[in-house]
Structure formats: structure tokens, C-alpha cells
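Peer 1:
2 protein chains.
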Amino acid sequence: MLLDIQSLHQLGKNVFLSLGASEYVSTCVTDALVLAELDGIPSHGFSRIPFYADQALSGKVAVKAQARVSTPAPTVVRVDAAHNYAFPAITMGLEHAIPLCRKYGTTLLGVTHSHHCGVAGHFVERIAREGFIALSFANTPAAIAPWNGHKASFGTNPLAFACPRQPHPLVIDMSLSTIARGKIMLAKQKGESIPEGWALDVEGKATTDPARALQGTMLPVGGAKGATLALMVEILSATLNGANCAFEASSLFDAEGAAPNIAQSFILLDPAHLNPNFPEHLEKLCAHILGQKGTRLPGERRIQLREKNRARGIEIADTLYAELLQRAHK
Amino acid sequence: MLLDIQSLHQLGKNVFLSLGASEYVSTCVTDALVLAELDGIPSHGFSRIPFYADQALSGKVAVKAQARVSTPAPTVVRVDAAHNYAFPAITMGLEHAIPLCRKYGTTLLGVTHSHHCGVAGHFVERIAREGFIALSFANTPAAIAPWNGHKASFGTNPLAFACPRQPHPLVIDMSLSTIARGKIMLAKQKGESIPEGWALDVEGKATTDPARALQGTMLPVGGAKGATLALMVEILSATLNGANCAFEASSLFDAEGAAPNIAQSFILLDPAHLNPNFPEHLEKLCAHILGQKGTRLPGERRIQLREKNRARGIEIADTLYAELLQRAHK
Chain S
-14 MLLDIQSLHQ LGKNVFLSLG ASEYVSTCVT DALVLAELDG IPSHGFSRIP
36 FYADQALSGK VAVKAQARVS TPAPTVVRVD AAHNYAFPAI TMGLEHAIPL
86 CRKYGTTLLG VTHSHHCGVA GHFVERIARE GFIALSFANT PAAIAPWNGH
136 KASFGTNPLA FACPRQPHPL VIDMSLSTIA RGKIMLAKQK GESIPEGWAL
186 DVEGKATTDP ARALQGTMLP VGGAKGATLA LMVEILSATL NGANCAFEAS
236 SLFDAEGAAP NIAQSFILLD PAHLNPNFPE HLEKLCAHIL GQKGTRLPGE
286 RRIQLREKNR ARGIEIADTL YAELLQRAHK
Chain H
-14 MLLDIQSLHQ LGKNVFLSLG ASEYVSTCVT DALVLAELDG IPSHGFSRIP
36 FYADQALSGK VAVKAQARVS TPAPTVVRVD AAHNYAFPAI TMGLEHAIPL
86 CRKYGTTLLG VTHSHHCGVA GHFVERIARE GFIALSFANT PAAIAPWNGH
136 KASFGTNPLA FACPRQPHPL VIDMSLSTIA RGKIMLAKQK GESIPEGWAL
186 DVEGKATTDP ARALQGTMLP VGGAKGATLA LMVEILSATL NGANCAFEAS
236 SLFDAEGAAP NIAQSFILLD PAHLNPNFPE HLEKLCAHIL GQKGTRLPGE
286 RRIQLREKNR ARGIEIADTL YAELLQRAHK
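Keeping their order, the protein sequence lines are chains S and H. Position 165, counted from 1, in the first sequence is what our numbering calls 150; the numbers after and before it change by one each time, with no gaps. Position 231, counted from 1, in the second sequence is what our numbering calls 216; the numbers after and before it change by one each time, with no gaps.
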């Protein structure tokens, strides 16, 4: 089923409204999922709605809870997402953090008692459109072992970065596992084996069996250095915000158990104070990269897809469409 | 030659004083090099002094220039290192940045017209001992190509992180190349070949010849993701501070050409505002990691060596010792 963006948005929003979420919460969540679809990341788009909705029904997501924003220091914004969805909590937090960064030059935004933040690159992109450099750190339920360890301890823990650039920010967004967990799930569904180097089994041994891989751990990108970066992201998200560690967090893919209580942190930096010629210096660097055959800048592909998909509309699987229609009219 | 720490420090300091560096500059540079030796990182220790000193003699390092500190925004500190050594510039910057972070909760320190920052982990460790989380980003002369590219464009660009912990901060310090450039230099000296996966030749092809590797590019850790992180660090150091890009910077290993004009940035975050129980939450995470056989925390080995070496003294090669003595008494 091919839907234009407005119809897609209305469909998603209706599902969340029917669950008792506020207009603001329903809009923020749907905005984020539509943008993931536009950018060609369906794993973080409307396919998540059944999980998100079931979690609201079971109480794992507190869909009617009100997030609270505070400013415990002049350049620190804290959001208690109150176990509701992450998107409205982060959006509220940014509304406070952006003016503070404009005034002081730097700001830290921390979001605790949070849920899945979707495409981390979208928030840093939004900050970069305000003229600031942004870094974000998020933990997710446990997937990666410490180096030489065997227990899933850190999430795939996305690290994202963006800086202002015309006509669109330069955006970096990467998880710290070698490949996305969704690829292992897909291999399992198809009954295929996975390449060595993707995952370990519960005993910490290499495996090509996706079922054993899903019970075990995912290999970090770049070996020991990637596992260390996953630890860094874990500290900058979970520990900094007093949320659950990845190994304590419940799944984002079922409606069982307590709220995941994961966390996200954002650092905002105004580049104008250190280098008024930041745009020109960035173009010099970009030109040097793009002058080499075969290269591209990170995030370019998403923006190109976004513009194409906005005009063309988004294809939603018929079964998912039927399910969302039914959920929207409950 | 085994030297006690005081004698080692005096020897190093005398070399820089004899070059006309101030007491402050000589002390800061020597402090950093001694600490590298203590931590078992001789590649960033006294073996650098002949290069640093020759660069002062040729004017590539402006050994008598005075670094200037300014505060262009309430939480932004800028240091113009004036092409003198990096260590005194960063030290001066931190003296301003630390009280600002205590007051506002976050601070950004940028150092431009800078030189080699040595062991990046040492600065973030120093910040963490003040009770703050620290991130640092530094560019170095070009070594790594953009993904699918073939020109050395980014430095090995160390990324460092530290957070407060008792009795010592937890410190992460990694370059973004698969291995240190020094290992390739060593293989060349010994006439040995290097494993595939370390480096590419000037045409972007895999090579096991260390000479061809040194003319070519070093492979980033974790493939495309590592190259992208190297770009991120390049933007957060060179572009943010208006310094030279890695591909414009002159070598740190000869006395030829203009000043390298590289850059370093530091982000300081006070964790107490978001999570007053940060120490307890960090211990829970550390216990989970250390409960797995074979694991250790990043930075632990350096601290252990430091304490051992402080008692035992530092072994300096006889030829280097003789050279430093001669340079100190010029």
C-alpha cells in the first residue's frame, strides 16, 4: 500500500491517540517514525508501531504520563521521560536546551526513564539546523559483551554527530555493533546462516546460527576498540542519567516486564565562538573528501531518499497497513 | 640508563630551558613526557624530545611564543597556542575551563595553532580528577583515507574519554587507526613485512610492505565506521578550531616546513546535576564487566604501570640519554 505522507502521518497518529496518548505525544512519536520511513530506515519506522502500541497496552510504556523538564545547572537540562515514549521527551528537552546553548555556548541534555529513541541521527540533525554541533549517546537493551567477556552487557548503543552545513547538516549515525541486529533476525526468519564475525553464542564462541547469535552477543565494530566505545556510550547515557544499564533494560520488542528505562544524552556546542569561519573550513574538508573517487559524505544518502520519498510516498506492507487501521479505530 | 623520576624530569626540562622555552612551558612539556614514560607509552615519552627540540631550533615550534586564552562565550574557552607546544596551552586552557564547568555544568575548550598533544588520555584523566566527565578530540597529520578514498586525509585522530571513579578515573584513549603508526615504522626498521589489514599503498591497494604503507594510508579501525569516526574527530578538532586539516598539517617527526597548526578540543560535563548517584551507578556497571572472566576496565593497565614505574624509575636508552644530556647543556 503506497501512502502519501499526510495520510501516513494521520494513520500513525490515530493509533497513538486511540491508546490515550496526548496530541503532543502522538504527534512527536509519529513525526519520528515518518521521518525514519522517509529516510529509508523502515526498521525504525512504522514496523515499530505494533511493539510500541502493545507496550502502551501492557503498561510497559506509560502512555499518559507527563514528562518533566528541569534545569539543574545553567547549561544542563534534565528530562524525566516518566516511562512514556522517548520522542516527546527529547523534543521537549531540546526546546529548552537550544536557547541555553545560544546563550552560553554549550549545553548538556539528559533524558532518563526513557524508551527507544529511534533514529539517533534525526535529533542531532535537528540541533545542527539550529546552527550547533551535536553529539548524542543512547543505550539500548544489552547486545554486546565487554572485550574478552561473554555476557551481553552494552546495547548496540548508537553514537551520533551532526554539524551545520548547507543545504543540509552533515550527519553521522552509527551503532557500535558490526551489523544491525535486524539483519540477524531476518536471517533467522529466512532460515539462513549468518557470516562469521557478526555474533557470538552464549558461551562466547563464534557462531553462524542466527538463533544462537540472538541468544548470545553481537560483535562490536572494530573489536576491542568498538567494545570500549560501547562502554563509553553506556556511561554517557545510562550512568550519566541514572537510568538502567543495557543489561538491566527490558526488550523494546515485546510487551513483557517493566519499562526499559533506558537513557539518551545530547551535547550541544556553538561552533561560532571558536571559529567564525566554521562553514568555510568545513567546505574545504568536504571538498578534499569528495575530490576522491568513490567517496561520499555520511548522511547524504538518507537526505536524497527523504526528498524522493516525500514526493513519491511511502510503501507500507498490506498486512501492517491493515493492522494499523484496525488499531487506529479501536 | 635507569633514572629516578626527579632526575628524568630535570633532564627533560633542561633541554627545553636550553632552547629558550619559559619555565612554565618547559615544565608542562616535561610533565607530559614523564607521565607517558610512567604509563609505559615510550612512543609518546622522551623519544619525542629530539623531534620537539629540532622543531624549536628550526622555528617550526615557536618556543618563546606566549599562548593566549580567551572566553568568547560564558562556557567556551579558546586557547591560541601560538605555534608553541600543545601541553602548556592545554594546561592553561584547563585552568580556565574547570571553574567554568563547576559554575555552569558544561564547558568547551578549544586549542588552535597547536602541536602534538601526546597521550590524549592524560588530559581527560586530569579533568575527571576534578569530578567531571571529559571527552577530547585531536587531529594529527594525515594518515587515514576517507572510506573508499585513497588519499591520507584524516589523522589517526585520538578520541579520549574519562569519568570520575575511585581511586582513579576510568580512562578511554584510542586512535582511530587499526594499529599505531609506530608499529609500521618499527617493522620497516627491522626489515619485516606487516600483516594485511594494517595499511594501504598510495594507490589504495592492500600492502604488507611497511615502506609502501608509510607512503600510503593506515586502515581505520572497524572499516567504514572507523573512517567516519576519524572524520568526526577531524571536524571536532581542526574545523571547530579553525586549525589545519590533517591533510594540511606538517609532520611531527621532522623540523621541515611550517608549524603543524593542529588542534585539540575538550568537552567537560559535570555529572552531578543529572545523576547525584553517578559513582554508585558506575560501580554497578564496572562490577558487571569485571564479573566476567578475562575482562578489565580501559586504562587500568596504565595506572598500574604508573605506580610501579614511579617507584622503580624509567629506563632510557643510552644513546637517547647521551643525546639529551648534550642538548640540555648547549
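Just so you know, even glycine gets a beta-carbon here, dropped at the ideal spot from N, CA and C. Here the structure is a predicted model, which is why all the values come from computation and not from measurement.
#1: Please determine, among L237/H, L221/H and F72/H, the residue with the shortest C-alpha to C-alpha distance to I252/H.
#2: Can you give the Cα-Cα distance for G(-3)/H and G167/H, rounded to whole angstroms?
#3: Which residue comes first and which comes last in the alpha helix (DSSP H) that contains Q277/H?
#4: What three-state label does DSSP hand C13/H in the structure shown?
#5: Please state the DSSP three-state secondary structure of A130/S.
#6: Among M(-14)/H, Y70/H and L42/H, which residue has its Cα nearest to the Cα of T15/H?
#7: Taking C-beta pairs closer than 8 Å, name the residues in chain S that M217/H reaches, listed in chain order.
#8: Is it true that the CB of S162/S sits closer than 8 Å to the CB of F232/S?
#9: For chain S, is any of its Cβ atoms less than 8 Å away from the one on A58/H?
#10: Relative to the alpha-carbon of A248/H, which residue among L120/H, V218/H, F263/H and T97/H has its alpha-carbon at the smallest distance?
#11: Spell out the partners DSSP gives L185/H in its beta bridges.
#12: So I83/S contacts chain H; which residues on that side make the cut at Cβ distance below 7 Å?
#13: May I have a chain-ordered list of the beta strand (DSSP E) segments no shorter than 3 residues that lie completely inside the stretch 239 to 305 of chain S?
#14: Give a yes or no on whether the C-beta atoms belonging to G211/S and G227/H are separated by under 8 Å.
#15: Evaluate K45/H with the Cβ neighbour count: other Cβ atoms within 10 Å of its Cβ, from every protein chain shown; 16 or more gives buried, anything less gives exposed.
#16: Classify D303/S: buried if its beta carbon has 16 or more other beta carbons within 10 angstroms, exposed otherwise.
#17: Based on the DSSP secondary-structure assignment, which residues constitute the bridge partners of T91/S?
#18: Whole angstroms is fine: what's the gap from R63/H's alpha carbon to N246/H's?
#19: Which residue from R33/S, L282/S and Q(-9)/S puts its Cα closest to that of H100/S?
#20: E219/H and N142/H: beta carbons closer than 8 Å?
#21: Can you find a heavy atom of the ligand ZN that lies under 7 Å from the Cβ of Y89/H?
#22: List, in chain order, every chain S residue whose beta-carbon is nearer than 9 Å to that of C230/H.
#23: From the DSSP output, read off the bridge partner residues of A74/S.
#24: What would DSSP say about R114/H, mapped onto helix, strand or coil?
#25: Going by DSSP in three states, A147/H sits in which element: helix, strand or coil?
#26: Are there 16 or more other CB atoms within 10 angstroms of the CB of H314/S, so buried, or fewer, so exposed?
#27: To the nearest angstrom, how far is the alpha carbon of G78/H from that of V0/H?
#28: Pull the bridge partners of F139/H from the DSSP assignment, please.
#29: Cβ atoms of I83/H and P256/H: under 8 Å apart, would you say?
#30: Could you check which residue in K175/S, A47/S and P59/S has the C-alpha nearest to that of A66/S?
#31: Could you please give the first and the last residue of the uninterrupted beta strand (DSSP E) stretch that includes V62/H?
#32: Quick one, which of D194/H, P152/H, A52/H and H107/H has its alpha-carbon nearest M170/H's?
#33: Tell me whether the beta-carbon of G276/H lies closer than 8 Å to the beta-carbon of G106/H.
#34: Since I believe L94/S is in contact with L225/H (beta carbons under 8 Å), could you give me their beta-carbon distance rounded to a whole number of angstroms?
#35: Do we get a CB-CB distance below 8 Å when we pair Q151/H with the residues of chain S?
Peer 2: If we stick to the structure as given:
#1: Closest option to I252/H, Cα to Cα, is L221/H.
#2: Annotation: G(-3)/H to G167/H spans about 22 Å, alpha carbon to alpha carbon.
#3: Counting along the chain, Q277/H falls outside any alpha helix (DSSP H), and DSSP gives it neither H nor E.
#4: For C13/H, the secondary structure class from DSSP, reduced to helix, strand or coil, is helix.
#5: Here A130/S sits in coil by DSSP.
#6: Comparing Cα-Cα distances from T15/H to each of M(-14)/H, Y70/H and L42/H, the minimum goes to Y70/H.
#7: Neighbours of M217/H in chain S, taken as residues whose beta carbon is under 8 Å from its own, are F146 and I157 in chain order.
#8: Pairing F232/S with S162/S gives a Cβ-Cβ distance that is not under 8 Å.
#9: For A58/H, the nearest beta carbon of chain S is closer than 8 Å to its own beta carbon.
#10: Nearest of L120/H, V218/H, F263/H and T97/H to A248/H, Cα basis: T97/H.
#11: The bridge partners DSSP lists for L185/H are A191/H and T202/H.
#12: Near I83/S there are no residues of chain H at all, since even the closest Cβ is about 14 Å away, more than 7 Å.
#13: List check, beta strand (DSSP E) in window: 247 to 254.
#14: No, Cβ-Cβ distance for G211/S and G227/H is not below 8 Å.
#15: Its Cβ being crowded by 16 or more others within 10 Å, K45/H is buried.
#16: Within 10 angstroms of the beta-carbon of D303/S lie fewer than 16 other beta-carbons, which makes it exposed.
#17: DSSP lists L254/S as partners of T91/S.
#18: So the alpha carbons of these two residues sit roughly 15 Å apart.
#19: Sorting R33/S, L282/S and Q(-9)/S by C-alpha distance to the C-alpha of H100/S places R33/S at the top.
#20: Yes, the pair counts as a contact, with Cβ atoms nearer than the cut-off.
#21: This structure does not include the ligand ZN; it has no bound ligands of any sort.
#22: By Cβ distance, chain S contributes H266, K269, L270 and H273.
#23: Looking at the DSSP assignment, A74/S forms no beta bridge with any residue, so it has no partner.
#24: Of the three classes helix, strand and coil, the one that applies to R114/H here is helix, per DSSP.
#25: DSSP, read as helix, strand or coil, puts A147/H in strand.
#26: In this structure H314/S is exposed. Its beta-carbon is surrounded by fewer than 16 other beta-carbon atoms within 10 angstroms.
#27: Roughly 24 Å between the two C-alpha positions.
#28: Paired residue(s): I129/H.
#29: Not in contact: P256/H and I83/H (Cβ atoms no closer than 8 Å).
#30: When each option's Cα is compared against that of A66/S, the closest is A47/S.
#31: Secondary structure note for V62/H: its beta strand (DSSP E) is the uninterrupted segment V61 to D65.
#32: Comparing C-alpha distances from M170/H to each of D194/H, P152/H, A52/H and H107/H shows the shortest one belongs to D194/H.
#33: The beta carbons of G276/H and G106/H sit no closer together than 8 Å.
#34: Their Cβ separation, rounded to whole angstroms, is 19 Å, which puts L225/H and L94/S out of contact at 8 Å.
#35: Closer than 8 Å: no.
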